[in-house]
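All you need for the numbering used here is the position in the sequence shown, starting with 1, plus 272. All residues carry an ideal CB built from backbone N, CA and C; glycine is no exception.
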Amino acid sequence: MSMFCYQCQETARGTGCDVRGVCGKSEETAKLQDLLLYAVKGISEIVTKKGIDAKTLGAVNGDVLSSLFMTITNANFDDNALERQIRKMQGSRDAILRGVSSEGLGDAATFKAETRAAMLEKASSVGVLATENEDLRSLRELIIYGVKGMAAYAEHAKNLGKEDPEIYAFIYKALAATLNPDLSADDLVALTLETGKYGVSVMAMLDEANTSRFGNPEITKVSIGVRKNPAILISGHDLTDLEQLLEQTKGSGVDVYTHGEMLPAHYYPAFKKYDNFAGNYGNAWWKQSSEFESFHGPVIFTTNCIVPPRSEEVRSRIFTTGSAGFPGCKHIETDAKGKKDFSEVIALARTLPAPDEIEKGEIVGGFAHSQVMALADKVIDAVKSGAVRKFFVMAGCDGRMKSREYYTEFAEKLPKDTVILTAGCAKYRYNKLNLGDIGGIPRVLDAGQCNDSYSLAVIALKLKEAFGLDDINKLPIAYNIAWYEQKACIVLLALLYLGVKNIHLGPTLPAFLSPNVAKVLVDTFGIGGIGSVDEDIKMFMA
Ligand code: FSO
Ligand code: SF4
């Protein structure tokens with residue numbers, strides 16, 4: 273088998289991509305990502321076995337986050353960048369090794385692969401299938417995907433100046449554990465739950481980082497139409513990149529539009545002062561191929577989800593930054609102070625036509641925890657009076673599979689006395705439907721990006737308190753979550769850690785859950801899949 277990857281929901285045949293990724297990832301890219309992960313596992317083993325304090329590792333911690341982020345679905349397709357990062361991580365690892373004895377360390381901590389050919393050869397023996405037992409493999413991968421999601425959120429927080437050595441220490445511990453042949457399935461189940469605990473910590477840290485810098489998200493109408501100026505489209509999740517772009521385009525005559533998961537940036541007070549912050553263009557990540565064509569201007573990817581561009585013309589105006597990368601697209605580097613120079617992007621935008629209008633109107637969002645709590649009395653009264661019978665958490669991701677039409681139909685068919693709480697790109701399946709409101713409370717409350725699922729958990733915990741309940745599962749809240757990539761894994765593990773039961777996951781359950789591991793999740797947490805819309809609504813409303 274040339275490659276093997278089953279980390280996302282769209283994996284080939286629902287079992288695994290083994291020739292080329294459905295995402296467009298080539299065999300070579302997949303292998304380089306496997307080796308990069310292996311190098312990070314090696315560092316983790318040294319740090320854990322030798323009792324090294326993560327606080328003493330300096331820049332290595334941030335490089336570990338970036339390395340993990342580069343292996344997340346649709347983040348980085350650039351083999352040269354992956355090769356450089358593998359070399360860098362081997363160098364960091366060897367520098368750490370010089371201070372300790374190599375006794376008791378395994379291959380990941382000591383292997384050497386200098387050339388691309390040596391890297392590809394090494395990668396063939398260290399991928400997912402290197403773990404033969406399917407249950408151990410399943411648990412190891414579940415932990416790894418959770419850790420990848422954790423790393424992504426930790427990187428955004430770090431860009432805002434917030435770090436937590438305990439999160440670094442946990443990442444090292446968890447990744448080292450995935451190499452440890454002495455750990456049983458029970459040990460790994462316990463570690464999976466602990467991953468959820470740190471998932472809560474990392475999302476809380478990012479929430480604090482975002483809100484302390486940009487203010488608390490507030491109810492906001494976002495235009496989905498266009499203006500007449502040349503423009504830049506910014507995609508992905510990194511708000512510090514957006515902030516720098518807005519500063520650099522201020523007064524330039526070039527407008528800035530958000531795309532995909534960047535939409536919630538409009539909800540933060542700090543970005544409202546920019547006159548050229550024009551609105552949101554397009555939909556969830558998978559529709560970008562046609563939407564980037566009609567946008568005409570440059571596109572900046574700050575993170576995933578990148579879809580390989582279908583024309584040279586579009587590719588020539590895509591830029592990447594941070595952990596994102598795509599071959600043939602210019603990568604905007606970060607200087608030692610975290611500053612990025614977007615002047616080339618702005619100059620290019622000036623030479624290109626304004627975007628074509630593909631939609632008109634506005635969407636409303638900004639219902640993160642602080643805004644919802646400001647409306648708490650209204651929300652509690654609505655529940656007590658029976659005006660709102662149930663909340664549906666429909667957070668998560670969108671994707672290209674036809675089966676995801678389920679979520680649009682589900683939203684449309686939900687009884688009119690229910691409210692959807694959403695976060696992540698999953699919202700694009702229903703955020704432009706006219707679902708109305710209940711006594712002034714919109715029926716779709718968008719908290720923000722996928723990491724803002726944390727806000728939904730905070731809201732649930734506060735409602736539990738307000739209603740004087742002893743169990744979060746006694747609230748009138750149902751969970752029907754759509755997943756796609758590894759950030760959704762950390763969100764799921766975080767919800768499980770908070771005690772949320774009976775989460776339904778779709779459109780399909782992860783291929784990386786072996787039958788036995790899936791059974792543990794079903795028996796312990798009541799995790800389920802989805803069926804038909806009508807039957808599911810009946811089941812949820814019962
Ligand atoms: Fe979506 Fe992509 Fe945010 Fe993911 S744009 S799928 S879960 O990267 O991170 O929700
Ligand atoms: Fe396949 Fe998903 Fe892996 Fe891409 S990320 S290779 S689509 S499983």
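Item                                                                                                            : Value
For PHE564, the residue or residues it bridges with in DSSP                                                     : Answer is none; PHE564 lacks a bridge partner.
Where GLY468 sits in the DSSP three-state scheme                                                                : helix
GLY314 classed as buried or exposed, judged by whether at least 16 other C-beta atoms fall within 10 angstroms  : buried
Other residues of its chain near LEU647: CB distance less than 8 Å, five sequence neighbours each side excluded : ILE713
Per-residue DSSP class, three states only, for ASP527                                                           : strand
For ILE443, the nearest candidate out of VAL528, PHE341, LYS609 (CA to CA)                                      : PHE341
Beta-carbon spacing of VAL372, ALA766 below 8 Å                                                                 : no
Residue nearest to LYS327 in terms of C-alpha spacing, selected from PRO437, ILE618, TYR678                     : PRO437
CYS577 beta carbon near the ligand FSO (any heavy atom closer than 7 Å)                                         : yes
Environment of LYS699 [buried if 16+ CB atoms lie within 10 Å]                                                  : buried
Complete alpha helix (DSSP H) runs within the segment 544 to 623 (minimum length 4 residues, chain order)       : 560 to 567, 584 to 587, 615 to 622
Rounded straight-line distance, which links the Cα of GLY433 to that of PRO627                                  : 34 Å
Contact test: CYS295 Cβ vs the ligand SF4 heavy atom, cutoff 7 Å                                                : yes
Bounding residues of the alpha helix (DSSP H) (the contiguous stretch that carries SER316)                      : 299 to 321
Distance CB(ARG672)-CB(PRO748) smaller than 8 Å                                                                 : no
ALA760 beta carbon near the ligand SF4 (any heavy atom closer than 7 Å)                                         : no
GLU752 Cβ short of 7 Å to the ligand FSO heavy atom set                                                         : For the record, residue 752 in the displayed sequence is Asn; it is not Glu. Answer for ASN752: no, Cβ out of range of the ligand FSO.
Cβ shell of ASN431 (< 7 Å), same chain only, five flanking positions each side left out                         : ASP510, THR512, GLY610
Given ALA619 as reference, the closest of LEU517, ARG370, LYS493, THR283 once Cα atoms are compared             : LEU517
The ligand SF4 heavy atom lying under 7 Å from the CB of GLN279                                                 : yes
Best match in LYS650, ALA754, THR521 for proximity to TYR678 [C-alpha to C-alpha]                               : ALA754
VAL730 versus LYS791 - alpha carbon distance                                                                    : 28 Å
Enclosing beta strand (DSSP E) for TYR751 [first to last residue]                                               : 749 to 754
CYS277 - partner residues in DSSP beta bridges                                                                  : CYS289
Assigned secondary structure, PHE486 (DSSP; H/G/I helix, E/B strand, else coil)                                 : helix
For GLU406, the nearest candidate out of ILE416, ALA367, ALA423, ALA457 (CA to CA)                              : ALA457
Neighbour-count burial assignment, THR345, 16 or more Cβ in a 10 Å radius                                       : buried
Pick from ILE635, GLN279, VAL691 that is closest to ASN654, judged by C-alpha positions                         : Strictly speaking, residue 654 in this sequence is Ala, with Asn absent from that position. The option with the nearest alpha carbon to ALA654 is VAL691.
Check: GLN516 C-beta below 7 Å from any heavy atom of the ligand FSO                                            : no
contact_flag[the segment 715 to 726, the segment 371 to 387] where n(CB pairs < 8 Å) is 3 or more               : no
Any non-hydrogen atom of the ligand FSO within 7 Å of TYR756 CB                                                 : yes
C-beta atoms of GLY497 and LYS704 nearer than 8 Å                                                               : no
Cβ contact check for the segment 577 to 587 and the segment 468 to 485: 3 or more pairs under 8 Å               : no
Cα-Cα separation between ARG370 and ARG359, rounded to whole angstroms                                          : 17 Å
Bounding residues of the alpha helix (DSSP H) (the contiguous stretch that carries THR328)                      : From DSSP, THR328 is part of no alpha helix (DSSP H); its letter is neither H nor E.
Whole-number beta carbon distance between VAL494 and GLY554, since they are thought to touch under 8 Å          : That pair is no contact at about 12 Å.
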